[in-house]
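Read through the structure below, which is laid out as structure tokens, and then see the notes.
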Amino acid sequence: MGSSDYWTREVLTCSTLCILILLQTTYAQEDFRSIQCCADTNFTESTTNLSWITDDNWYPDKRTCQGITQQIKNSTVHAKTRIFNSSFAKKWCYNLTTRKDQDYLLRGTFTAGDLQRTPQSNIFDVLIDITSIAQVNSSNDAVVEGVFRTTMDYMNFCLLKEHGDPYLSKLELRPLASNYLKAKASTVLKLVDRIDVGNTGRGIRYPYDPYDRIWRPQPDQLHSSDVTQSSLLNIVITPTSTLLPPTQVLETAITHPERLEFLHNNLDTGYYTYNLYIYFFEHNESVQAGQRVIDIYINNEKRQEVDILSVGYNHRVVDLNFKANGVLNLTLLKTNGSQLGPICNAYEIMQVRTQLQGTTQEDLDTIVDVKNDLLVDNQDNKVLRSWYGDPCLPLPWDGLFCTSINGSSVITKLNLSFQNLQGSLPPSVTKMRHLRELNMSNNRFSSVVPAFPASSILTSVDLSHNNLMGKVPESLASLRQLTTFSFGCNQHMSRELPETLNRSKLDTDNGTCHRQRSSTKSKGIVIGTVTGGLLFFVAAGVFCYCLVKKKVMTRGKFDGGHPLTKNAIYSIRSMDDISVRSINIQNFSLENIEAATQRYKILIGEGGFGSVYRGTLTDGQEVAVKVRSATSTQGTREFNNELNLLSAIRHDNLVPLLGCCYEKDQQILVYPFMSNGSLQDRLYGEAARRKTLDWPTRLSIALGAARGLTYLHTFSGRCVIHRDVKSSNILMDQSMNAKVADFGFSKYAPQEGDSAASLEVRGTAGYLDPEYYSTQHLTAKSDVFSFGVVLLEIISGREPLNVQRPRSEWSLVEWAKPYIRNSRIDEIVDPNIKGAYHAEAMWRVVEVALHCIETFSAYRPSMVDIVRELEDALIIENNASEYLKSMDSLGGSYRFSIERTIVIPPTPTPTETETSPILSQPAPPQPR
């Protein structure tokens with residue numbers, strides 16, 4: 003072949019490639035979404051030719067925009083960012099159109115600007131649908147990028163508020179014709195770094211990369227010294243993988259006679275799984291197969307031997323996965339027998355996160371229709387305007403309550419009472435297939451009541467205190483499972499009632515409707531044919547409900563400590579017992595203390611603060627006296643912390659502080675003696691203290707402790723976080739009432755404007771929230787995680803951490819999960835209570851525990867929610883026989899399912915025992 007033929011071929015090849023790239027990039031941008039937040043108009047960027055649009059379609063309010071300045075290469079760049087600072091919302095989303103089953107790259111740019119100079123950082127999570135891929139802190143500008151596969155024809159990019167105000171500058175969505183995810187559609191890849199090795203100039207992106215991946219120039223500190231830069235222009239390549247970088251990236255490389263080493267110490271702490279993609283292109287055309295062979299080491303472990311030319315091409319793509327805790331050391335070594343040292347052109351590091359399942363498509367589509375129906379006449383309604391993203395996860399929309407079925411969420415309750423809504427009742431609400439409770443009371447709806455399908459499983463409907471018209475529809479009155487229906491105070495509704503309603507139970511008197519809506523009680527209508535016994539219980543429950551509804555309504559919090567009524571189907575407690583008052587703390591002299599304890603005669607316990615002694619005061623009251631030891635790791639701060647906190651709060655489920663002594667450098671706290679010891683003692687403590695607890699007692703203890711924590715978290719002055727929730731800090735008095743103890747580590751939750759919170763992590767190994775441990779960011783959900791571990795202790799009778807057991811059973815959390823995943827809860831239940839519990843009650847507690855120990859705090863319930871679920875479980879347990887007997891009269895349609903399959907919502911971090919953050923965490927700085 004002559005030289006002219008060669009150059010002709012080269013020109014044609016290059017021309018063809020250029021045309022293909024031009025066509026490909028032109029086509030690709032048709033599906034690109036490039037959103038510039040707060041931009042005044044749409045525009046085209048000159049350097050990339052990318053078309054950008056404003057985010058006015060999502061957030062038209064320009065008052066939420068803030069000008070920012072950036073210093074880039076000694077020049078000042080002015081831009082804008084959108085600040086999400088609403089007081090009534092915690093989640094904001096951009097809904098983007100996609101193609102189902104298509105892979106996408108999603109990139110968010112977060113430019114903090116002046117936010118960096120605020121006293122406290124703005125902290126928020128970044129989510130693809132409901133899967134969190136990063137947490138942004140305003141102390142630094144950030145770019146967050148993820149790769150995922152869509153399951154619907156749209157997706158949501160969401161910001162979830164943790165502290166301060168979330169913000170966003172740019173949002174980019176790019177379709178990928180790549181195989182990053184391969185068959186792993188249930189994973190999301192978070193980009194850690196994408197390095198163009200050997201490039202010391204500007205980054206490479208679109209249009210050179212048709213997928214608009216941004217290839218960062220290689221920082222000098224990433225590799226070892228004495229490397230050689232290699233550059234080759236106008237390379238010709240026949241791609242063997244859609245993962246391959248553009249030719250402009252492959253044109254540069256570095257080589258070394260023996261080894262190349264790349265160090266990344268910015269990986270997330272905690273053991274995560276990562277994918278590593280390494281790209282090799284041989285620049286030396288004379289090299290033959292077998293002459294450049296490379297050993298790949300990851301964190302000093304050999305993973306693969308690579309001969310770049312062994313497959314007949316001049317390039318290779320190596321795809322490896324590894325697990326690491328904070329650091330990646332990638333080393334490329336010349337193998338024995340290889341003539342040439344290693345070469346590297348580019349690589350990508352991506353963290354693997356599990357793609358979580360959200361609300362079922364059916365329920366999601368229906369609730370969006372409900373929202374759109376309501377927005378017709380309520381455009382400025384704040385609640386509707388806060389309905390962003392997935393309706394159930396990670397935070398349910400205001401007014402919605404969801405339940406997990408086979409790993410997906412469904413909507414079971416819709417409560418929009420007192421929301422100042424008007425217009426028509428949304429007809430789409432009748433299509434909510436899993437809805438059991440509907441409350442649209444105390445609004446200004448003025449339409450007729452829509453017809454409901456016979457398949458509806460509604461049990462309770464409240465339409466009272468509106469301006470509804472027409473008749474009660476026959477379809478609603480005849481629903482088979484409906485037991486409660488309220489429609490009082492609708493003066494324009496017809497008095498003509500369907501024949502299916504039991505008229506003897508009907509109350510349509512509107513005589514009290516002139517009173518303010520906020521204090522009006524709903525009038526219940528009990529319908530259906532039930533046995534006399536069931537009617538008595540239901541009527542009693544409805545009576546209790548009506549008695550307190552004006553106090554709790556939709557935002558009521560169960561903060562009190564009244565015990566449950568054992569033989570009632572419904573039991574809703576009053577909030578009258580919640581109060582903030584001055585509490586008298588007695589000041590004891592050292593002489594008083596020594597007399598009460600007979601000079602510290604009876605030792606009953608020891609902890610991080612010191613020893614605890616049993617004593618008796620002069621009035622005969624038995625007390626527990628906690629004396630700080632000289633060698634204690636806890637000091638005056640913990641002493642004052644507990645003294646100050648317990649001087650301000652008191653609750654039936656918190657151990658009260660009776661007095662203190664601060665004399666002759668002694669620090670002593672005095673509490674009532676808890677005669678039945680701690681929960682830990684009763685479950686698996688010393689044999690002398692151990693005593694089998696039956697299942698109802700365990701449930702009652704769990705509920706009492708949950709109420710105590712709820713009171714702390716909803717304290718009227720300010721939320722208090724306990725920080726050391728564990729079974730040894732749950733004590734029982736002579737009546738087996740549970741009381742939370744030991745507040746030495748407790749802290750008030752951070753608020754807006756606070757100075758930076760202490761980063762000192764406190765807690766106990768086995769109970770410590772992995773998110774709190776890794777981020778050092780404290781929230782009330784840290785207590786929730788620890789309480790979830792306590793619930794597993796109650797269920798199993800096992801300690802949370804025991805290295806004397808087989809390796810797979812060290813962690814209670816990790817040991818229990820596989821059994822629950824396979825619906826084998828009988829195998830984790832304490833043998834002492836097997837066969838002595840109601841299955842539905844047990845399942846409810848198991849499900850609560852699993853949600854509590856979610857790795858990300860955003861997916862955990864609040865203590866208020868936990869109390870509600872535990873109340874239901876205890877009611878079921880205490881009333882099981884009466885309930886099931888009564889349900890028999892209804893043909894069994896109301897029976898609880900004794901067997902069911904549970905699918906644990908996957909967490910974004912690995913849960914294998916050998917990489918569990920619970921096991922890998924070191925002992926806390928202050929052991930308890």
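In the numbering used here, the protein residues as written are 3 to 930. Note that CB positions come from ideal geometry on N, CA and C, so glycine has one too. The structure displayed is predicted, hence computed values, not measured ones.
Hey, how far is the Cα of residue i from the Cα of residue j?
i: N880; j: L701; result: 10 Å
i: V672; j: A626; result: 6 Å
i: E307; j: V145; result: 34 Å
i: D654; j: L705; result: 12 Å
i: T766; j: Q421; result: 43 Å
i: H108; j: L173; result: According to the sequence provided, residue 108 is Leu. The question's His does not apply to it. Distance between the alpha carbons of L108 and L173 is about 7 Å.
i: N492; j: A453; result: 18 Å
i: I459; j: E842; result: 19 Å
i: R151; j: F159; result: 13 Å
i: A456; j: L416; result: 19 Å
i: I937; j: N201; result: The question about residue 937 has no answer, for the chain in this structure spans 3 to 930.
i: L322; j: L278; result: 5 Å
i: E823; j: W845; result: Before going on, a small fix: residue 823 reads as Arg here, not Glu. In a straight line, the C-alpha of R823 is about 12 Å away from that of W845.
i: V463; j: L484; result: 8 Å
i: G69; j: G115; result: 8 Å
i: A479; j: N444; result: 21 Å
i: V194; j: M352; result: 5 Å
i: F324; j: L592; result: 60 Å
i: S584; j: N646; result: Its pLDDT being 41, under 50, S584 is placed unreliably in this model, and the value from its coordinates should be taken loosely. S584 and N646: Cα-Cα distance of roughly 12 Å.
i: W697; j: L852; result: 19 Å
With distances taken from CA atoms, which of the options is nearest residue i?
i: F403; options: S864, L876 and R204; result: S864
i: N643; options: A41, Y750 and G706; result: Y750
i: Q359; options: I130, Q483 and K192; result: I130
i: M676; options: L714, Y713, K384 and R616; result: R616
i: S36; options: L98, I85, Y775 and G69; result: L98
i: G205; options: D379, E263 and I216; result: I216
i: V385; options: A91, S141 and Y274; result: A91
i: S233; options: L246, H80, T254 and P247; result: T254
i: Q363; options: G314, V295 and H436; result: H436
i: F789; options: I413, W817, L269 and E856; result: E856
i: V354; options: E32, D270, F34 and T230; result: D270
i: W399; options: G425, N469, V372 and L876; result: V372
i: G203; options: S449, I237, F489 and Q231; result: Q231
i: L648; options: M154, L252 and F747; result: F747
Quick one: what's residue i bridged to in DSSP?
i: C346; result: I256
i: R630; result: G612
i: W94; result: L161
i: V354; result: L191
i: C662; result: N589 and L671
i: Q68; result: T83
i: W54; result: F45
i: G607; result: V614
i: C404; result: I413
Using a 10 Å radius around the Cβ and a threshold of 16 neighbouring Cβ atoms, would you call residue i buried or exposed?
i: D667; result: exposed
i: Q220; result: buried
i: V805; result: exposed
i: I197; result: buried
i: N1; result: The chain is shown only over 3 to 930; residue 1 falls outside these bounds and no answer can be derived.
i: G148; result: buried
i: R809; result: exposed
i: E284; result: buried
i: E260; result: exposed
i: S496; result: exposed
i: Y213; result: buried
i: A818; result: buried
i: V582; result: Reliability fails at V582, whose pLDDT of 32 lies under 50, so the model's placement of it is uncertain and the value that follows must be treated cautiously. So V582 counts as exposed.
i: Y156; result: exposed
i: G768; result: buried
* **Touch test, the region 291-305 against the region 321-340, Cβ-Cβ under 8 Å, three pairs minimum** => yes
* Asked: Between the region 771-788 and the region 715-727, do three or more beta carbon pairs fall short of 8 Å?
  -> Three or more Cβ pairs closer than 8 Å define a contact, and the region 771-788 meets that threshold against the region 715-727.
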